[in-house]
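In our numbering, the protein residues as written are 1 to 280. Where is the CB? At the ideal position from N, CA and C, for every residue including glycine. This one's a predicted model, so the numbers in the text were calculated from it and none came from an experiment.
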Ligand SMILES: NC(=O)c1ccc[n+]([C@@H]2O[C@H](COP(=O)([O-])OP(=O)(O)OC[C@H]3O[C@@H](n4cnc5c(N)ncnc54)[C@H](O)[C@@H]3O)[C@@H](O)[C@H]2O)c1
């Protein structure tokens with residue numbers, strides 16, 4: 001049993017993409033679902049791969065928390081409508097929606113195919129649009145709710161992920177627009193922009209080898225703190241934004257990125273550890 005601080009005690013949360021790509025470590029959706037449950041929420045765990053969400057459910061159940069799995073493809077309106085209905089039937093309402101589904105894809109404006117563009121927008125943006133479309137009326141009817149959109153620093157800095165960046169930028173734009181439209185209904189809408197965190201999804205993208213090791217070292221070294229970030233770092237930010245502690249925070253994008261947006265890349269050069277300096 002885990003000691004509960006109760007920061008979201010009695011609330012009902014939906015977390016989309018609440019499973020995690022198989023591998024060591026934890027994805028942001030899985031960590032967020034577990035953290036919300038630890039803080040007293042009942043959580044509906046939405047994932048295309050139910051066996052992944054089932055692992056999250058087992059982890060929550062082991063800690064004495066409450067969660068149910070909803071298997072579905074959140075790019076589809078019927079699935080999102082059914083997901084919200086299921087949360088209401090299982091737990092009575094929806095107080096919190098964490099739009100966490102996302103998948104990075106490399107490509108420039110020249111080599112990104114139309115199919116890859118559509119897919120990136122479907123996964124990273126349409127899922128949040130549809131989930132919100134059906135969750136907002138439930139929140140509006142009770143005059144309260146919190147939506148947390150998991151964006152990325154890719155929306156704010158160039159990194160060769162054209163379609164993904166465009167989708168995440170769209171998610172940040174959607175965040176402020178929804179915050180405007182639904183503020184008077186008591187609904188807060190915020191985004192989190194994670195940096196170069198280490199999750200199983202990220203680690204599964206590149207083949208093991210010296211280059212992958214170097215890039216992994218740089219995930220830590222590129223930030224001001226020089227330490228690795230994980231799904232848990234995003235999860236605790238999401239718990240804050242979901243909770244009443246953030247009652248006066250809406251329309252914000254919170255970077256969780258070890259300060260990579262706060263420094264010019266050149267000035268990080270002398271701080272890189274394990275990278276040889278040129279001779280004096
Ligand atoms: N890992 C990073 O460095 C990083 C950085 C910035 C932002 N992010 C964002 O964090 C979020 C989660 O990333 P992660 O690394 O934890 O990923 P992950 O792959 O471990 O988890 C995402 C889950 O979403 C599920 N999913 C995918 N498409 C779905 C669909 N159509 N319907 C329902 N479920 C679906 C997957 O099955 C998976 O279990 C994403 O939005 C990602 O863009 C990650």
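- Around the CB of residue 267, fewer than 16 other CB atoms lie within 10 Å, so the residue is classed as exposed.
- Here residue 164 has 104, 105, 120, 124 and 154 as same chain residues with Cβ atoms under 7 angstroms from its own Cβ, once five neighbours each way along the sequence are excluded.
- In this structure, residue 43 and residue 13 form a Cβ contact; the two beta carbons are roughly 5 angstroms apart against a cut-off of 8 angstroms.
- By a beta-carbon distance limit of 8 angstroms, residue 84 does not contact residue 148. Their separation comes to about 16 angstroms.
- DSSP places residue 98 in the uninterrupted beta strand (DSSP E) bounded by 96-99.
- Taking each of 162, 90 and 171 in turn and checking the Cα distance to residue 101, the smallest one comes out for 171.
- Between the beta-carbon of residue 235 and that of residue 191 there is about 15 angstroms, and that puts the pair past the 8 angstroms contact cut.
- Within 6 angstroms of the C-beta of residue 52 there is at least one heavy atom belonging to ligand 1.
- Exposure of residue 214 is indicated by the presence of fewer than 16 other C-beta atoms within 10 angstroms of its C-beta.
- With contacts defined as CB atoms closer than 7 angstroms, residue 265 and residue 193 fail to qualify as a contacting pair.
- Residue 22 has its alpha-carbon roughly 13 angstroms from the corresponding atom of residue 50.
- Going by C-alpha positions, residue 186 is about 25 angstroms away from residue 34.
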